Amino acid sequence: MSDKTYTLGIDIGGTKVIGGVVADDGQILASCRYPTPADDTAETVEVIGKIAAELGAQFAVSAMGIAIAGYVDASRSVLEHAPNLLWEENVALRAMVSELVEMPVTLENDANAAAWGEHRFGVGLGVSDMVLLTIGTGIGSGFVLNGQLYRGGFGKAAELGHTLAVRNGEPCGCGSRGCLERYASGTALGRYAREAAEKDPVAAARLRELTGGDLAALTGAHVQQAAGEGNPAALAAFAEVGAWLGIGLADVVFALDPQLIVVGGGVSESGDLLLTPAIAAYKTVVASRGRSEPMATVELAALGNQAGLVGAADLARRR
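For what it's worth, my numbering labels the leading residue of the sequence shown as 4, then goes sequentially.
Take a look at the structure:
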């Protein structure tokens, strides 16, 4: 008889809910996905129940871990606020799901879960102090300190995307202005490319082609494609995002002094297009503040968009 244990990881995003059966070595053995009913909490809970039934019929899972973008309370029971899901405030999500499934349920912020996944099974394996930043539409982050997931005194630590970068700067979806994610995210990448294209008609022609003629529809994915082709406006956008990200990385080093900073999320799939300017800016800023080696290395995430699911499942196993 196998001594392996299986847990179910659920990753709730703005567009899809992904479920996966995860073994104790971090391997995903089966998975499925459904569209997220973004403005309906009850329907999303039903989707989670459907995933549990579908995957539970294939494997004997012992617990469920849910990763979700938003503020989770200190008891890891209530989703207090999730702007990308358009839900009501203070949703008792763990209790709602527990009523549908016959297994223990844990709830965690998605970036925290992803950080834990990378620590346990990814590029952070064997590293006791690490920080993960996910660069996508916004910026998420998670801290692993002394080998433990750090949530802070009230459960809301590691919101680096909403640290101040520019006083009275770009308006942010959180309600403030000048947050780091307005300058170092996929959203910022599209904005910078549009601005660069306005100054360069030749570069703008390719970007218009990718968006069907509408630069207002330009996304980070379009910019990644154009940058890979050597488009100057797209490359300029990556240089700008990388410079801002490097400043954020330097702030992390001065605040926490981790051994490793892991960069994940959709924009990180561009690899050196993002990391080269980010690391250059990071080292310049750190040196300008009087810090010398040794300091944190910066590496790309190993688990990709599966990190949150894997991390949530492992956290459920360890409860």
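Glycine is no exception: its CB is placed at the ideal position from the N, C-alpha and C atoms.
What you are looking at is a predicted structure, and each value in this text was computed from that prediction instead of being measured.
Determine, using beta carbons only, whether A45 and A315 come nearer to each other than 8 Å. Indexing the sequence shown from 1 puts residue 45 at position 42. Indexing the sequence shown from 1 puts residue 315 at position 312. No; because the gap between Cβ atoms is not below 8 Å, this pair is not in contact.
Evaluate contact between the region 180-188 and the region 238-254, counting only Cβ atoms and requiring at least three cross-stretch pairs below 8 Å. yes
Alpha-carbon spacing of G105 relative to C35, whole angstroms: Locating residue 105 in the sequence shown gives position 102, where the first residue counts as 1. Locating residue 35 in the sequence shown gives position 32, where the first residue counts as 1. The residue asked about is misnamed: residue 105 is Glu in this sequence, not Gly. Taking the straight line from one Cα to the other gives about 19 Å.
With respect to the beta strand (DSSP E) encompassing L263, which residues constitute its N-terminal and C-terminal limits? For the purposes of this step, residue 263 is taken as residue 260 along the sequence shown, with counting starting at 1. L263 to G267 is the extent of the beta strand (DSSP E) around L263.
Quick one: what does DSSP say E198 is sitting in, helix, strand or coil? Counting from 1 along the sequence shown, the entry for residue 198 is found at position 195. In the structure shown, E198 sits in a helix (DSSP, three-state: H, G or I).
Classify N171: buried if its beta carbon has 16 or more other beta carbons within 10 angstroms, exposed otherwise. Numbered from 1 along the sequence shown, position 168 holds the residue referred to as residue 171. With fewer than 16 other Cβ atoms within 10 Å, it is exposed.
Taking the alpha-carbon positions, what's the V64 to E57 distance? Numbered from its first residue, the sequence shown carries residue 64 at position 61. Numbered from its first residue, the sequence shown carries residue 57 at position 54. Distance between the alpha carbons of V64 and E57: 11 Å.
Under 6 Å Cβ to Cβ from I282, same chain only, skipping five residues before and after it: list those, please. For the purposes of this step, residue 282 is identified with residue 279 of the sequence shown, where counting begins at 1. Once the five neighbours on either side are set aside, the close Cβ partners of I282 are V301.
With 16 as the cutoff for other CB atoms within 10 Å, does A191 come out buried or exposed? Residue numbering aside, residue 191 sits at position 188 when the sequence shown is read from its first letter. A191 should be labelled buried.
Thinking C-alpha only, which one of V50, C175, V256 and G29 is nearest P38? On the sequence shown, residue 38 is found 35 positions in, with the first residue counted as 1. Closest by alpha carbon: V50.
Which two residues bound the contiguous alpha helix (DSSP H) that contains S291? Counting from 1 along the sequence shown, the entry for residue 291 is found at position 288. Looking at the DSSP string, the run of the alpha helix (DSSP H) that includes S291 is D275 to S291.
The beta strand (DSSP E) with G23 in it runs from where to where? For this step, residue 23 is matched to residue 20 along the sequence shown. It spans K19 to A26 - the beta strand (DSSP E) in which G23 sits, taken as one unbroken run.
What's the C-alpha gap between A168 and S188? In the sequence shown, residue 168 corresponds to position 165, counting from 1. In the sequence shown, residue 188 corresponds to position 185, counting from 1. Their Cα atoms are separated by approximately 13 Å.
Taking the beta carbon of F157 as the centre, do at least 16 other beta carbons fall within 10 Å, making it buried, or is it exposed? Mapped onto the sequence shown, residue 157 falls at position 154. Answer is exposed; the Cβ neighbour count stays below 16.
Extent of the continuous beta strand (DSSP E) to which A33 belongs: What you label residue 33 is simply residue 30 of the sequence shown in a count that begins at 1. A33 -> beta strand (DSSP E) spans I31 to P38.
With distances taken from CA atoms, which of Q61, L88, P235 and G120 is nearest Y74? What you label residue 74 is simply residue 71 of the sequence shown in a count that begins at 1. Residue L88 is the option with its Cα nearest to Y74.
For M99, which of helix, strand or coil comes out of DSSP? Taking the sequence shown and counting its residues from 1, one reaches residue 99 at position 96. M99: helix per DSSP, three-state reduction.
Excluding five sequence neighbours on each side, which residues of the same chain lie with their C-beta closer than 8 Å to the C-beta of A2? Any property of residue 2 remains undetermined from this structure, which presents the chain solely from 4 to 322.
In terms of residue numbering, what span does the alpha helix (DSSP H) encompassing N115 cover? Residue numbering aside, residue 115 sits at position 112 when the sequence shown is read from its first letter. N115 -> alpha helix (DSSP H) spans D113 to F124.
Could you give the DSSP three-state label for S271: helix, strand or coil? Reading the sequence shown from its first residue, position 268 is the one you call residue 271. S271 falls in the helix class under three-state DSSP.
Which of the three DSSP states is assigned to L306 in this structure? The residue given as residue 306 occupies position 303 in the sequence shown. The answer is coil: DSSP assigns L306 none of H, G, I, E or B.
Rounded to whole angstroms, what's the CA-CA distance from A242 to A219? Just pull it up for me. The residue given as residue 242 occupies position 239 in the sequence shown. The residue given as residue 219 occupies position 216 in the sequence shown. Straight-line Cα distance between these residues: approximately 20 Å.
Using only CA atoms, which one of L135, A305 and V108 lies nearest to T10? Locating residue 10 in the sequence shown gives position 7, where the first residue counts as 1. Closest by alpha carbon: V108.
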